[in-house]
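Trainee: Let me begin by handing over the structure; questions about it come next.
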Amino acid sequence: MPDLITSGGAIRHDNWVVVPRPADGESLDVPDQPALIPADLWLAGKEHFDDRDDIGVWLDSHEEPEMLAGVVNELPVIAVNFPKFSDGRGYSIARILRERLHYRHELRAVGDVLLDQLQFMKRCGFDTFVLRADKDINKAARCLNFFTQGYQAATDTDVPLFRRRAS
Amino acid sequence: MYVYDEHDRQMAAERVAQFRDQTERALAGELREDEFLPLRLQNGLYVQRLAPMLRIAVPYGMLHSAQLRRLARITRDYDKGYAHFTTRQNVQLNWPAIEDVPDILAELAEVEMHANQTSGNCIRNTTTDQFSGVQADEITDPRPYCEIIRQWSTFHPEFAFLPRKFKVAVNASEHSDRAAIQVHDIGLQMVRNDKGELGFRVHVGGGLGRTPMVGPVIREFLPELDLLTYLEAVLRVYNRYGRRDNKFKARIKILVKALTPDGFAAKVEEEWSHIKDSPTRLTEEAVSQFKGYFTEPDYQQVPDVADTLASQRFEKREFDQWITHNVDTHKKPGYAIVSLTMKKTGTPPGDVSDRQLEQIADLADRYSFGEVRVTHQQNVVLADVRKDELFELWQAITPMGFGTANLNTLTDVICCPGGDYCALANAKSIPVAESIQRQFDDMDYLYDIGNIDLNISGCMNACGHHHVGNIGVLGVDKKGQEFYQISLGGSSHHDAAIGKILGPSFARDDMPAVIQKIINVYVDNRTEEEPFLDTYRRIGIEPFKERVYA
Chain A
1 MPDLITSGGA
11 IRHDNWVVVP
21 RPADGESLDV
31 PDQPALIPAD
41 LWLAGKEHFD
51 DRDDIGVWLD
61 SHEEPEMLAG
71 VVNELPVIAV
81 NFPKFSDGRG
91 YSIARILRER
101 LHYRHELRAV
111 GDVLLDQLQF
121 MKRCGFDTFV
131 LRADKDINKA
141 ARCLNFFTQG
151 YQAATDTDVP
161 LFRRRAS
Chain B
1 MYVYDEHDRQ
11 MAAERVAQFR
21 DQTERALAGE
31 LREDEFLPLR
41 LQNGLYVQRL
51 APMLRIAVPY
61 GMLHSAQLRR
71 LARITRDYDK
81 GYAHFTTRQN
91 VQLNWPAIED
101 VPDILAELAE
111 VEMHANQTSG
121 NCIRNTTTDQ
131 FSGVQADEIT
141 DPRPYCEIIR
151 QWSTFHPEFA
161 FLPRKFKVAV
171 NASEHSDRAA
181 IQVHDIGLQM
191 VRNDKGELGF
201 RVHVGGGLGR
211 TPMVGPVIRE
221 FLPELDLLTY
231 LEAVLRVYNR
241 YGRRDNKFKA
251 RIKILVKALT
261 PDGFAAKVEE
271 EWSHIKDSPT
281 RLTEEAVSQF
291 KGYFTEPDYQ
301 QVPDVADTLA
311 SQRFEKREFD
321 QWITHNVDTH
331 KKPGYAIVSL
341 TMKKTGTPPG
351 DVSDRQLEQI
361 ADLADRYSFG
371 EVRVTHQQNV
381 VLADVRKDEL
391 FELWQAITPM
401 GFGTANLNTL
411 TDVICCPGGD
421 YCALANAKSI
431 PVAESIQRQF
441 DDMDYLYDIG
451 NIDLNISGCM
461 NACGHHHVGN
471 IGVLGVDKKG
481 QEFYQISLGG
491 SSHHDAAIGK
501 ILGPSFARDD
511 MPAVIQKIIN
521 VYVDNRTEEE
531 PFLDTYRRIG
541 IEPFKERVYA
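Protein chains in written order, with the UniProt record's numbering: chain A, 1 to 167; chain B, 1 to 550.
Shown next, in the form of structure tokens:
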């Protein structure tokens, strides 16, 4: 895995790998290193991974995060895949994981992750980002902080601007 | 009207800086065209047939005179000295240079304007009735709620990449709908329940375009303070489940239809049950703060001028007609609502020069507390004119070209920019509007045939709202030739309906004669006082077909 950027703007070396969904008829090949496997496959056989603390899951944009209800906090990392940057479903998935399922550990954006979407992702609860390889990670910190505040409540704040103004 | 505080000002400035940075990276080749596309669209910047086009937001149609003067200056400094009022209460520049757009946005931000989310697959500018706050039959002034929605939807982190564009409209009048809410993705009708509490009837899934639909009601009564949490639930269901595989099936109306309105409503209620008490729920205090921006202006005791007005109307027939057509009843006895028509024959509907923008600003300052409203019919409203100044105002606007007394008549055409400007268009629309205006240039005849909505779009995207015109005209391309298809019986009002296609399309030169035949069928069949739409509904489409295709 390449370096990743954190929501705080730090660049961090990283060795987690995203394990793709196996083709029909093939079995899941879990490497001997920190790995993110398809969430439904982890759910189907999670007892096999009880002895490992370096197994996380990934969700594709069409998948339902609700499948992880009740067990999310067993996972050290959940990744959400953006197949195309213009596919906005991952933002809703992130907020549901954080705000409804109360996921507390690392939430990572993977796939077609570009610079100009980072602040939206951060506001929806992502805390690490694996940028698409051709994007300049040194510009990420600036793009994470174009705005010093937002109008809405989201995962990052409980207080929408209309409540801040009223207080 | 709403005034920015330090938070709004800061975010507006940060937005300009962000777009400057994005534009520089795009021009330097660091952003691919497909990556820059949604970013520039969400800042209102299209690339058009001849030049870029910048769509500037006019939140729910409200502008004050300083903003009009700034728009005038921008059209002079960065464009060709004119602008265009759109069919969604916004303003467009047709000829800006891409590299100038960050500077234009900075100039706009100085007068509390922006181009946020005027395009792209996001929540667009919220629209409402141009008579908000000044009409007598209003449940309450809808503008504070429009501003609440504007702020909630601005840079919403979850909903910047929806399957498709998303438009919200609010109406608060009990008896009329000037905001066409039933053909919006979400239409909010303000209502009071049995207990007298304020709330919204929620329509979802209306729209025009390729698959025109009247939006079904998915909630009869949504309490006022639940507005934003419920909108968030609707948007989340749409964001998650709206189709993304086919651009033409991606609007929320397709999802509502696929799930059925009841099925869709159930999904929204389920989602809402999780978030209805979240911090996004409005507070009484917040709503009253927003209402504080939309208080009444300093209305004066205006002397009763009924006699003077009556004699002025008697002496000047044109003034009398202007009062009849372009002036509406105000909730305050001494005041009137005046619509300035931007529909002078020979000028593209909605187009205004820099000088005219300044004239409108001067008129607003002199006659209407410095404010105007832009209408989705592409006209401009002075909402608070003293009755004892109506005659003077009429004399002032007549030479400016704003006094054409054709409001809501056949020649008050709604018309998109069409093939003269727009890259999406299949056909030109402006010349069709003009040729019909010329055909119906006899004002007495025009008044005799009464109020008729004639809406013209240059393509299926329906910016000219042709589906909901009493007479709708759609430009189509047939083997490289421009043709025009006619539909009849549409309405964007309380009795919203999608028009029915009359039959095969016509060449442009035939259009005035075809419209004339349609009007002749109406005149031959109407009962006394019966408007066009009612006659159509009574006799059906066949008599029109027979005459037009005879």
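Ideal Cβ placement from N, Cα and C applies to all residues, glycine included.
Keep in mind the model is a prediction, meaning the values are calculated, not measured.
Using a Cβ cut-off of 8 Å, which residues of the segment 140 to 154 of chain B contact any Cβ in chain A, in chain order?
Mentor: Here the close residues are I148, Q151, W152 and T154.
Trainee: Can you list, in chain order, the residues of the segment 87 to 99 of chain A whose Cβ is nearer than 7 Å to any Cβ on chain B?
Mentor: Answer in chain order: D87, G88, R89, Y91, S92 and R95.
Trainee: Under the DSSP definition of a beta bridge, which residues are partnered with B/R55?
Mentor: For B/R55, which the question treats as bridged, DSSP gives the partners B/Q92.
Trainee: Would you say B/H7 faces chain A, with C-beta separation under 9 Å as the test?
Mentor: By this cut-off, B/H7 is an interface position.
Trainee: What runs of the beta strand (DSSP E), each 3 residues or longer, lie entirely inside the segment 17 to 48 of chain B?
Mentor: As far as the segment 17 to 48 of chain B is concerned, its whole beta strand (DSSP E) runs of at least 3 residues are 45 to 47.
Trainee: Can you list, in chain order, the residues of its chain with a C-beta nearer than 6 Å to that of A/D32? Leave out the 5 residues immediately preceding and following it.
Mentor: There are no such residues.
Trainee: Apart from the five residues on each side of it in sequence, which residues of its chain come closer than 6 Å, Cβ to Cβ, to B/S339?
Mentor: Same-chain partners within the cutoff: N326, N379, V381 and L407.
Trainee: Do you know how far the Cα of A/N81 is from the Cα of A/V57?
Mentor: If I take the Cα positions, the gap works out to 11 Å.
Trainee: How big is the Cα-Cα spacing for B/T260 and B/E147?
Mentor: For B/T260 and B/E147, the distance between alpha carbons rounds to 31 Å.
Trainee: The alpha helix (DSSP H) spanning B/T75 covers which residue range?
Mentor: First-last of the alpha helix (DSSP H) with B/T75: S65 to Y78.
Trainee: What are the residues that DSSP puts in a beta bridge with B/Q481?
Mentor: DSSP lists B/K478 as partners of B/Q481.
Trainee: If B/A83 sits next to B/L474, beta carbons under 8 Å apart, how far is it from one beta carbon to the other, in whole angstroms?
Mentor: Not quite, the Cβ-Cβ distance comes to about 25 Å (not below 8 Å), so this is no contact.
Trainee: Give a yes or no on whether 9 Å exceeds the smallest Cβ distance from A/R104 to chain B.
Mentor: No, its Cβ sits nowhere closer than 9 Å to a Cβ of chain B.
Trainee: Is it a yes or a no for the segment 426 to 439 of chain B touching the segment 473 to 488 of chain B, going by three-plus beta-carbon pairs under 8 Å?
Mentor: Yes, they touch.
Trainee: I'd like the ranges of any beta strand (DSSP E) spanning at least 3 consecutive residues and lying wholly in the UniProt domain "Nitrite/sulphite reductase 4Fe-4S" (409 to 548) of chain B.
Mentor: Qualifying beta strand (DSSP E) stretches, in chain order: 454 to 457, 471 to 478 and 481 to 488.
Trainee: Quick one: is B/E158 buried, meaning 16 or more other Cβ sit within 10 Å of its Cβ, or exposed?
Mentor: When all chains shown are included, B/E158 counts as buried.
Trainee: Tell me the DSSP secondary structure of A/F162 in three-state form.
Mentor: The answer is helix: DSSP assigns A/F162 an H, G or I state.
Trainee: When DSSP labels each residue in this structure, what does B/P223 get in the three-state scheme?
Mentor: B/P223: strand per DSSP, three-state reduction.
Trainee: Kindly list, in the order they appear in chain B, the residues whose Cβ is closer than 8 Å to that of A/D40.
Mentor: In chain order: nothing, as chain B lies at least about 17 Å away.
Trainee: Please state whether DSSP places B/N171 in a helix, a strand or coil.
Mentor: Reduced to three states, the DSSP call for B/N171 is strand.
Trainee: Could you give the C-beta distance for residue 552 of chain B and B/S492, rounded to a whole number, given that I count them as a contact under 8 Å?
Mentor: No answer is possible for residue 552 of chain B: it lies beyond the span of chain B, which begins at 1 and ends at 550.
Trainee: Quick one: any contact between the segment 212 to 222 of chain B and the segment 251 to 267 of chain B, if contact means 3 or more CB pairs under 8 Å?
Mentor: Segments in contact, yes.
Trainee: Taking only beta-carbon atoms, is B/S487 less than 9 Å away from chain A?
Mentor: Chain A contact via Cβ: absent.
Trainee: Along chain B, in chain order, which residues have C-beta atoms closer than 9 Å to that of A/F129?
Mentor: Per Cβ cutoff of 9 Å: no residues; A/F129 is ~14 Å from chain B at best.
Trainee: Would you mind reading off the limits of the alpha helix (DSSP H) that contains B/N326?
Mentor: That run of the alpha helix (DSSP H) goes R317 to N326.
Trainee: According to DSSP, is B/R244 helix, strand or coil?
Mentor: Coil.
Trainee: Closer than 7 Å, Cβ to Cβ, to anything on chain A: give me those residues from the segment 97 to 117 of chain B, in chain order.
Mentor: The residues in question: there are none.
Trainee: What does a CB cutoff of less than 6 Å around A/A141 pick up in its chain, not counting 5 residues either side in sequence?
Mentor: Taken in chain order, the residues that qualify are G9.
Trainee: Below 7 Å CB to CB, which residues in the same chain sit around B/Y241 once its five sequence neighbours on both sides are set aside?
Mentor: Closer than 7 Å at the Cβ level, and outside the excluded window around B/Y241, lie L255.
Trainee: With a CB to CB cut of under 8 Å and the five nearest residues on each side skipped, what residues in its chain are close to B/N451?
Mentor: Closer than 8 Å at Cβ, skipping near neighbours: N408, T409, P531 and F532.
Trainee: Going by C-alpha to C-alpha distance, which of B/A115, B/E285, B/A310 and B/R236 sits closest to B/I275?
Mentor: Checking every option, the nearest Cα to that of B/I275 belongs to B/R236.
Trainee: Can you tell me where the alpha helix (DSSP H) with B/P261 in it begins and where it stops?
Mentor: Per DSSP, B/P261 belongs to the alpha helix (DSSP H) from P261 to I275.
Trainee: When you compare only the Cα positions, how much space is there between B/F200 and A/K122?
Mentor: Cα to Cα, B/F200 sits roughly 32 Å from A/K122.
Trainee: Are three or more beta carbon pairs between the segment 131 to 145 of chain B and the segment 91 to 101 of chain A nearer than 8 Å?
Mentor: These segments do not touch.
Trainee: For B/T86, count neighbouring C-beta atoms within 10 Å of its own C-beta (all shown protein chains included) and say buried if the count is 16 or more, exposed if not.
Mentor: The residue is buried, with at least 16 neighbouring Cβ atoms inside 10 Å.
Trainee: Enumerate in chain order the residues of its own chain whose CB-to-CB distance from B/I541 is below 8 Å, with the five nearest sequence positions on each side excluded.
Mentor: Same-chain partners within the cutoff: L488, G489, K500 and L502.
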